[in-house]
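2 protein chains.
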Amino acid sequence: MKFDNIDKKLLQLLQNDCKLTNKELSLKLNLSVTAVYERIKKIEKEGIISRYVALLNRNKIEKGFVVFCHLKLTQHTREFISQFEKEVVQLNEVLECFHVSGDYDYILKICVKDMEEYREFMVTKLTTLQHIGSTHSTFMIGQVKNTTSFVI
Amino acid sequence: MKFDNIDKKLLQLLQNDCKLTNKELSLKLNLSVTAVYERIKKIEKEGIISRYVALLNRNKIEKGFVVFCHLKLTQHTREFISQFEKEVVQLNEVLECFHVSGDYDYILKICVKDMEEYREFMVTKLTTLQHIGSTHSTFMIGQVKNTTSFVI
DNA sequence: AATGTTATCGAATTTCATACGGATCGTTAG
DNA sequence: CTAACGATCCGTATGAAATTCGATAACATT
Numbered sequence: 001m002k003f004d005n006i007d008k009k010l011l012q013l014l015q016n017d018c019k020l021t022n023k024e025l026s027l028k029l030n031l032s033v034t035a036v037y038e039r040i041k042k043i044e045k046e047g048i049i050s051r052y053v054a055l056l057n058r059n060k061i062e063k064g065f066v067v068f069c070h071l072k073l074t075q076h077t078r079e080f081i082s083q084f085e086k087e088v089v090q091l092n093e094v095l096e097c098f099h100v101s102g103d104y105d106y107i108l109k110i111c112v113k114d115m116e117e118y119r120e121f122m123v124t125k126l127t128t129l130q131h132i133g134s135t136h137s138t139f140m141i142g143q144v145k146n147t148t149s150f151v152i
Numbered sequence: 001m002k003f004d005n006i007d008k009k010l011l012q013l014l015q016n017d018c019k020l021t022n023k024e025l026s027l028k029l030n031l032s033v034t035a036v037y038e039r040i041k042k043i044e045k046e047g048i049i050s051r052y053v054a055l056l057n058r059n060k061i062e063k064g065f066v067v068f069c070h071l072k073l074t075q076h077t078r079e080f081i082s083q084f085e086k087e088v089v090q091l092n093e094v095l096e097c098f099h100v101s102g103d104y105d106y107i108l109k110i111c112v113k114d115m116e117e118y119r120e121f122m123v124t125k126l127t128t129l130q131h132i133g134s135t136h137s138t139f140m141i142g143q144v145k146n147t148t149s150f151v152i
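Those protein sequence lines, which keep their order, are chains A and B. Residue 134 in the UniProt record's numbering is what sits at position 134 of the first sequence, and the numbering runs on without skipping anything. Residue 35 in the UniProt record's numbering is what sits at position 35 of the second sequence, and the numbering runs on without skipping anything.
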């Protein structure tokens, strides 16, 4: 699907605040309410918008301690990979897990309350997974930018 | 603020789909529509929910090429740090930038169309920032888990 | 020029969010 | 023990929103 400028602006607005009403959107886009409605429905049907979600403030829910864990497997057989991936998605503390190129096989973003809870997570959960070689933890000191919004 | 089990389940549901109506939520939570409404308003007022957003499908908007860029500054003076941070937030390709401990100073998550576009981004944008020492790019091969939803 | 497709619109309808008043429950102060 | 308070709950009422519909306009294809 190709986007005209109205689509782009619409996506920009919805990525920023999906609770805007169609009337509010129609004013910002110089369109009728119905036109806005139908554009959104089309975008949704195409799968451009994958979901609408509420984002929580990490610091208010005791998840302000963010760690990037770089991780190697012992072997790269298909079986070991799929076993590891099946297990890691189950871990609630792991918000993101990417299979990557380079020195390490995976980069995990982990959110917990504090260092104590991270230690507990490492000892009782992460390092008990099958086929894990080495890990390297990098701790977040500060958050410079953190958006879910693409500029199209 | 402390959460009872209903609050936790409510946050779980809204993190997964914030377009659920209060009636749908009330059925899932065994509450009245009004009670759901008031719990949500309270949670919003406390700042637990920071925003409601539409999440886009990277692959449908030519942003499927994800790179983690680890980056060092030449010096760690307050001036250099704030200068770099001010510039990096302006870059549309950078969705996330975390100041971290360890061998590198920052971890950036960068989303572009393909390697060609990444090269262009590196050459014309990232490496032209002030005070950058070294960079190390790690490319995403696959996405194992990618959620914005905390389990409380 | 004729035709089919797509986007637009306003009006009508259905559904929702929100305000309100009152009931219930647990806690605290007297 | 009980009175009073705050927090939470409920159902109803209403204004606002989403959605449907039929008609018109724009646009591409033949």
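Even for Gly, the Cβ is constructed at its ideal location relative to N, Cα and C.
Under 9 Å by beta carbon: chain A residues contacting residue 154(B): Since the first residue shown for chain B is 1 and the last is 152, residue 154(B) is missing from the structure and cannot be characterised.
Quick one: any contact between the region 49-65 of chain B and the region 41-50 of chain A, if contact means 3 or more CB pairs under 8 Å? yes
Extent of the continuous beta strand (DSSP E) to which residue 100(A) belongs: 94-100
Taking a Cβ distance cut-off of 9 Å, strictly less, list which residues of the region 125-141 of chain B are near chain A, in chain order. 136, 137, 138, 139, 140 and 141
What alpha helix (DSSP H) runs, 4 residues minimum, are completely inside the UniProt domain "HTH asnC-type" (3-66) of chain A? 5-16, 22-29 and 33-45
Can you list, in chain order, the residues of the region 26-54 of chain A whose Cβ is nearer than 8 Å to any Cβ on chain B? 46, 47, 48, 49, 50, 51, 52, 53 and 54
What is the DSSP secondary structure of residue 137(A), counted as helix, strand or coil? strand
Classify residue 129(A) as helix, strand or coil using the three-state DSSP reduction. coil
6 Å CB neighbourhood of residue 72(A) in its chain, flanking five on each side removed: 104, 105, 133 and 134
Of all the CB atoms in chain B, is at least one closer than 9 Å to the CB of residue 92(A)? yes
Do residue 126(A) and residue 70(A) have their C-beta atoms within less than 9 Å of each other? no
Closest to residue 79(A) by CA distance: which of 16(A), 5(A) and 131(A) is it? 131(A)
In its own chain, which residues sit with a C-beta less than 7 Å from the C-beta of residue 139(A), not counting the 5 before and 5 after it? 67
Counting beta carbon pairs with one atom in the region 24-41 of chain A and one in the region 4-15 of chain A, are three or more of them shorter than 8 Å? yes
Could one say the Cβ of residue 65(A) lies closer than 9 Å to chain B's Cβ atoms, at least one of them? no
If you measure beta-carbon to beta-carbon, which residues of the region 5-20 of chain B are closer than 8 Å to chain A? 11, 14, 15, 16, 17, 18 and 19
Taking CB distances under 9 Å as the criterion, tell me whether residue 110(B) reaches chain A. no
What is the C-beta distance between residue 25(A) and residue 13(A), in whole angstroms, given that I count them as a contact (C-beta under 8 Å)? 6 Å
Coarse secondary structure for residue 109(B), derived from DSSP in three states: strand
Classify residue 46(B) as buried or exposed, calling it buried when 16 or more other Cβ atoms lie within 10 Å of its own Cβ. exposed
Beta bridge counterpart(s) of residue 70(B) as assigned by DSSP: 107(B) and 136(B)
Rounded to whole angstroms, how far is the Cβ of residue 144(B) from the Cβ of residue 85(A), which I believe are closer than 8 Å? 5 Å
C-beta neighbour in chain A for residue 71(B), strict 9 Å: no
Would you mind telling me which residues of chain B sit closer than 8 Å to residue 68(A), beta carbon to beta carbon, in chain order? 98, 100 and 107
Give the secondary structure of residue 143(A) by DSSP, where H, G and I count as helix, E and B as strand, and everything else as coil. strand
Go through its chain and collect everything with a Cβ distance to residue 90(A)'s Cβ below 6 Å, but skip five positions before and after it. none
Interface partners of residue 60(A) on chain B, CB under 8 Å: 1, 46, 47 and 48
Integer Cβ distance of residue 111(A) from residue 58(A), believed to fall under 8 Å: 6 Å
Within the same chain, show all residues whose beta-carbon is closer than 6 Å to that of residue 64(A), passing over the 5 residues directly before and after it, in chain order. 58
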